[in-house]
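In the order they appear, the protein sequences are chains A and B. The opening position of the first sequence corresponds to residue 1 in this note's numbering, with each subsequent residue numbered one higher. The opening position of the second sequence corresponds to residue 1 in this note's numbering, with each subsequent residue numbered one higher. First up is the structure itself, then whatever we jot down about it.
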Amino acid sequence: MGSASTSCRRLPRRRGRLAALAGGLGEVAITLGVVLLLFVAWQLWWTNIDADRTQAELAHRTIQHFPGADARTEGNAVTALKASERDRERFGTPPPASLHGAQTFGMLYVPRFGEDYGRPISEGVGSDVLDHLGIGHYPRTQLPGEAGNFAVAAHRQTHGQVFWNIDKLVEGDFLYVQTREGYYTYRYRDTEVVDPSASSVLLPVPHQPGRRASTSLLTMTSCDPPFTTRMRIVAYAELESWRPPSAGPPAPIAETVTRVSGAG
Amino acid sequence: MYAWLFGKLPGPFWVRLLISALLVVLVILVLMEYVFPWASQYSPWAESTIGLVQ
């Protein structure tokens with residue numbers, strides 16, 4: 001680069017006006033290009049760092065306020081399936097969860113998404129929730145333990161890319177929702193890709209208006225394919241069992257809960 | 001444009017270079033803190049919800 005004043009002296013003293021204008025325009029174009037690149041870097045990289053930090057803090061604070069935060073899980077490690085069956089026999093029908101007036105009312109743990117995957121769930125699916133707090137609950141859908149559809153949304157990429165791995169779920173995977181009422185164990189069932197306007201996936205029984213639900217579903221929605229908004233990917237899981245807070249987290253996520261809550 | 005700006009800055013060459021660097025950092029900070037969050041509502045990756053969301 002060097003000093004602008006010395007290098008300019010070597011040029012003919014008076015550049016044509018047109019040349020000066022073209023040079024200026026070129027600089028503006030380059031600047032705009034750099035700003036656009038910066039914007040992409042900000043979205044794909046910085047929003048994740050920002051959101052991860054916010055959500056880790058939020059998760060920590062949320063779990064601290066749940067009852068039984070220091071309850072230890074008894075029993076040795078068994079398969080997730082065994083653990084869930086045992087819980088169903090021992091603790092029976094899951095009670096319905098409620099918001100208790102809190103915006104962030106729960107946590108989602110998905111071992112398939114990673115050992116440390118624990119993200120807060122908040123009420124609402126506006127950008128104020130999804131861009132910062134992570135997972136958002138569609139307000140007019142049901143809550144965990146209620147008959148019907150506990151439907152949530154999160155970003156596939158950017159802002160913590162909370163549901164980045166939503167397409168990696170395998171039939172029979174277990175997912176866990178923690179609220180004040182305890183731990184709800186869901187089992188992944190299937191996935192479909194739908195049009196962004198297909199709000200019927202949020203019905204108590206997806207795609208069947210007016211039908212009364214007899215089971216409890218967890219429905220997760222995100223963008224598909226990644227980096228577009230063309231379609232929506234929708235993953236369904238069914239409620240299998242429940243544990244009260246005092247029993248401690250289900251064995252498969254006990255370590256994750258301890259790590260996420262920052263107690264360990 | 002940039003040559004003209006550089007010429008307007010006070011002080012010897014190294015001071016000007018330092019001021020320019022600071023200005024660049026300032027511009028990036030303003031972009032990241034204010035401009036980009038505002039612009040992201042028009043970004044093609046913003047939506048992950050389904051149906052009409054109120």
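Ideal Cβ placement from N, Cα and C applies to all residues, glycine included.
Opening and closing residue of the beta strand (DSSP E) in which residue i lies
i, result
"G118 of chain A", "118–123"
"Y236 of chain A", "231–243"
"S216 of chain A", "216–224"
"A182 of chain A", "Inspection of the sequence shows that residue 182 of chain A is occupied by Gly rather than by Ala. Here the beta strand (DSSP E) through G182 of chain A covers 182–194."
"L175 of chain A", "174–179"
Host alpha helix (DSSP H) of residue i (start-end)
i, result
"F113 of chain A", "Looking at the DSSP string, F113 of chain A is not in any alpha helix (DSSP H), and its letter there is neither H nor E."
"R90 of chain A", "80–91"
"V28 of chain A", "17–41"
"I63 of chain A", "47–64"
"R16 of chain B", "13–30"
"E171 of chain A", "Element bounds for E171 of chain A: n/a, residue is neither H nor E."
"R259 of chain A", "254–261"
"A205 of chain A", "Note that residue 205 of chain A is Val in the sequence shown here, rather than Ala. Note, V205 of chain A: premise wrong, no alpha helix (DSSP H); not H, not E."
"L44 of chain A", "Unbroken run through L44 of chain A: none, as it is neither H nor E."
"Y2 of chain B", "2–8"
"L130 of chain A", "127–130"
"A39 of chain B", "36–39"
Heavy atom of the ligand COA within 7 Å of residue i beta-carbon
i, result
"R259 of chain A", "Only the bare structure without any ligand can be found here, which leaves the ligand COA out of the picture."
Integer-rounded CB distance, given that residue j should sit under 8 Å from residue i
i, j, result
"M220 of chain A", "A235 of chain A", "5 Å"
"S127 of chain A", "H137 of chain A", "In fact, because the Cβ distance is near 15 Å, the residues do not count as touching under 8 Å."
"T158 of chain A", "A151 of chain A", "About 21 Å; that fails the 8 Å criterion."
"T62 of chain A", "T104 of chain A", "5 Å"
"H60 of chain A", "S261 of chain A", "6 Å"
"I19 of chain B", "L38 of chain A", "That pair is no contact at about 21 Å."
"T49 of chain B", "V125 of chain A", "5 Å"
"V193 of chain A", "V201 of chain A", "Going by Cβ atoms, the distance from V193 of chain A to V201 of chain A rounds to 11 Å, so no, they are not a contact pair."
"P31 of chain B", "V40 of chain A", "Going by the sequence as given, residue 31 of chain B is Leu instead of Pro. The Cβ separation is near 12 Å, so there is no contact."
"A153 of chain A", "L130 of chain A", "6 Å"
"G145 of chain A", "A80 of chain A", "No, G145 of chain A and A80 of chain A are not in contact; Cβ-Cβ is about 19 Å, not under 8 Å."
"T179 of chain A", "W242 of chain A", "That pair is no contact at about 10 Å."
"F204 of chain A", "G148 of chain A", "The sequence shown places Pro at residue 204 of chain A, rather than the Phe named in the question. About 4 Å; that satisfies the 8 Å criterion."
Exercise for the section: Please list the residues of the stretch 125–151 of chain A that have a C-beta atom closer than 9 Å to any C-beta atom in chain B, keeping them in chain order. Expected result: Flagged, chain order: V125, G126, S127, L130, D131, G136, Y138, P139, R140, A151.
Exercise for the section: Count the CB pairs spanning the stretch 70–85 of chain A and the stretch 118–130 of chain A that are closer than 8 Å, and state whether there are at least three. Expected result: The count of Cβ pairs closer than 8 Å, one atom from the stretch 70–85 of chain A and one from the stretch 118–130 of chain A, stays below three, leaving the stretches out of contact.
Practice task
Counting only runs of 3+ residues fully inside the stretch 138–162 of chain A, write out the beta strand (DSSP E) ranges in chain order.
Solution key: The stretch 138–162 of chain A contains these whole beta strand (DSSP E) runs: 148–153.
Practice task
Could you tell me whether the stretch 101–112 of chain A touches the stretch 162–176 of chain A, using the rule of 3 or more Cβ pairs below 8 Å?
Solution key: Contact holds between the stretch 101–112 of chain A and the stretch 162–176 of chain A, because three or more Cβ pairs, one in each stretch, are under 8 Å apart.
Exercise for the section: Would you check if the stretch 250–261 of chain A and the stretch 209–225 of chain A touch, i.e. whether three or more CB-CB distances between them fall below 8 Å? Expected result: They do not touch, by the three-pair rule.
Exercise for the section: Could you name the residues of the stretch 15–26 of chain A whose beta carbon sits closer than 7 Å to any beta carbon of chain B, in the order they occur along the chain? Expected result: For the stretch 15–26 of chain A, which is checked against every Cβ of chain B, the residues closer than 7 Å are G24.
Exercise for the section: Note down, in chain order, all residues in the stretch 11–28 of chain B with a beta-carbon under 8 Å from any beta-carbon belonging to chain A. Expected result: Listed in sequence order: F13, I28.
Practice task
Decide yes or no for the touch test of the stretch 81–95 of chain A against the stretch 47–56 of chain A: beta carbon pairs closer than 8 Å, at least 3 of them.
Solution key: Here the stretch 81–95 of chain A does not lie against the stretch 47–56 of chain A, with fewer than 3 beta-carbon pairs under 8 Å apart.
Practice task
For the stretch 215–232 of chain A, enumerate the residues whose C-beta is nearer than 8 Å to any C-beta of chain B, in chain order.
Solution key: When CB distances to chain B are screened at a threshold of 8 Å, the residues of the stretch 215–232 of chain A falling below it are T221, S222, C223, F227, T228, T229, R232, in chain order.
Practice task
Give the residues from the stretch 26–39 of chain A that approach chain B closer than 8 Å (Cβ to any Cβ), ordered along the chain.
Solution key: Answer set for the stretch 26–39 of chain A: E27, V28, V35, L38, F39.
Practice task
Specify whether the stretch 7–15 of chain B and the stretch 221–228 of chain A touch according to this definition: at least 3 beta carbon pairs, one from each stretch, less than 8 Å apart.
Solution key: Output reads no: the stretch 221–228 of chain A does not touch the stretch 7–15 of chain B.
Exercise for the section: Give the residues from the stretch 39–59 of chain A that approach chain B closer than 9 Å (Cβ to any Cβ), ordered along the chain. Expected result: Close to chain B, meaning a Cβ-Cβ distance shorter than 9 Å, are the following residues of the stretch 39–59 of chain A: F39, W42, Q43, L44, W46, T47.
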